[in-house]
Amino acid sequence: MTIRTRFAPSPTGYLHIGGVRTALFSWLYARKHGGQFILRIEDTDLERSTEEAVTAILAGMKWLGLNHDEGPFYQTQRFDHYHAVIAQLVAESKAYYCYCSKERLENLRQEQLARKEKPRYDGHCRHLSVPPTTTAAPVVRFKNPEVGEVVVKDLIKGTVIFNNRELDDLIIARSDGSPTYNFTVVVDDWEMQITHVIRGDDHLNNTPRQINILRALGATVPQYAHVAMILGSDGQKLSKRHGAVSVLNYQEEGYLPEALLNYLVRLGWSHHDQEIFSRQEMIELFELEAVNSAPAAFNPEKLLWLNQHYIKTGEPARLAEHLRFQCELLGIETQAGPPLAEVVTAQAERAKTLREMAQNSRYFFTEKVQYEEKAVQKHLTTEIKKPLSDLANRLEQLTEWQPTSIQAVVHAIADQYQLKLGKIAQPLRVAMTGTAVSPPIEVTVYLIGQQRSVARIRQVIT
RNA sequence: GCUCCCUUCGUCUAGUGGCCUAGGACAUCGCCCUCUCACGGCGGCGACAGGGGUUCGAGUCCCCUAGGGAGCGCCA
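In case it helps, our numbering puts the first sequence at residues 13 to 474.
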């Protein structure tokens, strides 16, 4: 049997961290078993679904490299399938028309709540032999079994047993004829031959209803795996404050897709003590049985650590493209500066995001350096102007512009004036960058270039 | 209210009855390295929610309590 998993987001909001993790788990499971990963857009809520959300979901999946083999399917384009199945169910008396008014339902609900009962439909129209004389359009309800239990063998939660007495006859078609969620999911998972339904555990309670419908349809029941939700860093429900923002925001903020994926795969899943997983390793090692059934809190610091890990270990040429993207966002012209890959190498161990790297690399690309008042006051003293002047001259005469030769010159000046290295390196750094922080001085000078370096020193000492 | 799920350091987790005086990672603190910031190295602080069982032995199995969360929609 070929493994088939799916990711079925509803485009009523953006693709956030929680959704991405579920998608990742589904994708990994399919890839690991050489199966198929299907993307399905659950857009039946016409009121709240938006085109932008669909675009953002697709873009997010693409950015992360979570490629699908089939789809994207749109539920709004599958209404004829749902209608056909509803008609079949009604014809077989496995579903029925319900004419109850919303008022009646609301009263019923209030009464049940008052009696401290779980609010459920009472089956009023289930045994109606003749339709009532009413002008209101009916809904269609599924005839849920009234006795017995449904056993869900969840791959993450374990065996969960639901008593059919706790369930009621849910609406599968609204009065306007449109199908409802619990029904479309079932029809789609069935028709798309999904073998493993991996989704958020907020759906665990829906599972027995869906299994009952599947059984009524004579369909094979898929395996289920309910993943716990992601909490905010404060242990509360994830909100916009923590990361319930579009996954594309992470791209804009300078995160690498491999870092986000690595972070998310370890949130709720583990393989012994291993923290770093390449895409290939994730695929090979991932298993649903090792997924934690408890919710996990989102920890931005660890994501940052992983991001820097991938910045430090990634291919500079590839990271350079990410840096270029960030520079563009920040309006930094990179044309006239040093090769971006070399900037990446120089800055990798002092940037946690590519955005941060771009921000801290402005001085490599601009003619007009912004000088920090504090740094200038502290390091560009009058006593240092003579050594800096000599240094500029020596640098100007260098025939070989390399970090090693630059370093030799800096050391020579330090020796000549009997200065500790820091006493000349820091003033030089401020002259070059406007700040007291940068990569090793010889690398900084090297990357800024001979002409610019000499010019910057002379500018600050005149 | 009812049903279901969850509970190991601040956080992510290892742990599948003896290897646990509970291991790793992030964060944090200290030291070292050092031209700055970092990176790196070394070390410190720090947890089995509580209570009952079962067992020779429980973080690990069972029950209860407490605390979190989800569902109970003509939303998905």
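From the three backbone atoms N, C-alpha and C, an ideal C-beta is built for every residue, glycine too. Fair warning: this is a prediction, and the values are worked out from it, not measured in the lab.
Got a sec, what are the start and stop residues for the alpha helix (DSSP H) leucine 78 sits in?
Neither: leucine 78 is in no alpha helix (DSSP H) and is coded neither H nor E.
Glycine 72 and leucine 27 look like a contact to me (Cβ under 8 Å); what is the Cβ gap, rounded to whole Å?
Their Cβ separation, rounded to whole angstroms, is 4 Å, which keeps glycine 72 and leucine 27 in contact under 8 Å.
Quick check on DSSP: helix, strand or coil for glutamate 412?
If DSSP states are grouped into helix, strand and coil, glutamate 412 belongs with coil.
Classify asparagine 304 as helix, strand or coil using the three-state DSSP reduction.
If DSSP states are grouped into helix, strand and coil, asparagine 304 belongs with coil.
For proline 84, which of helix, strand or coil comes out of DSSP?
Looking at proline 84 - three-state DSSP - the assignment turns out to be strand.
By Cβ distance below 7 Å, which residues in the same chain neighbour proline 23 in space, the five residues on each side in sequence not counted?
Same-chain partners within the cutoff: Ile53, Asp55, Ser61, Thr62, Ala65, Val66 and Ile69.
Taking the beta carbon of threonine 456 as the centre, do at least 16 other beta carbons fall within 10 Å, making it buried, or is it exposed?
Threonine 456 is buried by the Cβ-count criterion.
Taking Cβ to Cβ, would you say histidine 139 is nearer than 9 Å to cysteine 112?
Cβ atoms of histidine 139 and cysteine 112: not closer than 9 Å.
Using the rule of at least 16 other Cβ atoms within 10 Å of the residue's Cβ for burial, across every protein chain shown, is glutamate 287 buried or exposed?
Exposed: under 16 other Cβ atoms inside 10 Å.
Report the rounded CA-to-CA distance for isoleucine 225 versus leucine 342, giving the unit in angstroms.
So the two alpha carbons sit approximately 53 Å from each other.
Would you decide whether lysine 74 is buried or exposed? Buried here means 16 or more other CB atoms lie within 10 Å of its CB.
Classification for lysine 74: exposed.
Would you kindly check if the distance between the Cβ of cysteine 339 and the Cβ of alanine 360 is under 9 Å?
It is not a contact, given that the beta carbons lie outside the stated cut-off.
Please confirm whether lysine 44 and serine 105 have their CB atoms less than 9 Å apart.
No.
With a threshold of 8 Å, are at least 3 pairs of Cβ atoms found where one atom belongs to the region 187 to 204 and the other to the region 87 to 97?
A contact exists between the region 187 to 204 and the region 87 to 97.
Does the separation of the CB atoms of glutamine 48 and aspartate 92 fall below 9 Å?
No, the pair does not count as a contact, with Cβ atoms beyond the cut-off.
Kindly indicate the opening and closing residues of the beta strand (DSSP E) around phenylalanine 289.
No beta strand (DSSP E) contains phenylalanine 289, which DSSP labels as neither H nor E.
Identify whether leucine 279 lies in helix, strand or coil by the three-state DSSP scheme.
DSSP places leucine 279 in coil when its eight states are reduced to three.
If you measure between the beta carbons of glutamate 384 and alanine 448, is that distance less than 9 Å?
Their beta carbons are under 9 Å apart, which means glutamate 384 touches alanine 448 by this criterion.
Could you tell me if the beta carbon of threonine 192 falls within a distance shorter than 8 Å of some heavy atom in the ligand FAD?
No copy of the ligand FAD appears in this structure; indeed no ligand is present at all.
Indicate whether proline 234 and valine 162 have their beta-carbon atoms separated by less than 9 Å.
No, Cβ-Cβ distance for proline 234 and valine 162 is not below 9 Å.
Helix, strand or coil for asparagine 274, going by three-state DSSP, please let me know.
It is helical.
By how many angstroms is the C-alpha of glycine 280 removed from the C-alpha of valine 421?
Distance between the alpha carbons of valine 421 and glycine 280: 53 Å.
Between which two residues does the beta strand (DSSP E) carrying phenylalanine 376 extend?
Segment 374 to 377 is the alpha helix (DSSP H) holding phenylalanine 376; no beta strand (DSSP E) there.
With H, G and I counted as helix, E and B as strand and the rest as coil, what does DSSP make of glutamate 333?
The answer is helix: DSSP assigns glutamate 333 an H, G or I state.
Sort out for me which residues DSSP pairs aspartate 246 with in a bridge.
Per DSSP, none; premise fails for aspartate 246.
Compute the Euclidean distance between the alpha carbons of glutamine 409 and glutamate 265, then round it to the nearest angstrom.
Their Cα atoms are separated by approximately 42 Å.
How many angstroms separate the CA atom of glutamine 320 from the CA atom of arginine 367?
Whole-angstrom Cα-Cα distance: 12 Å.
Which residues does DSSP pair with phenylalanine 174 in a beta bridge?
In the DSSP output, where bridge partners are listed per residue, phenylalanine 174 has Val162.
Using a Cβ-Cβ cut-off of 6 Å (strictly less than) and excluding sequence neighbours within five positions of phenylalanine 19, which residues of its own chain qualify?
Counting only Cβ-Cβ distances below 6 Å, and skipping sequence neighbours, we find Ala35, Ser38 and Leu51.
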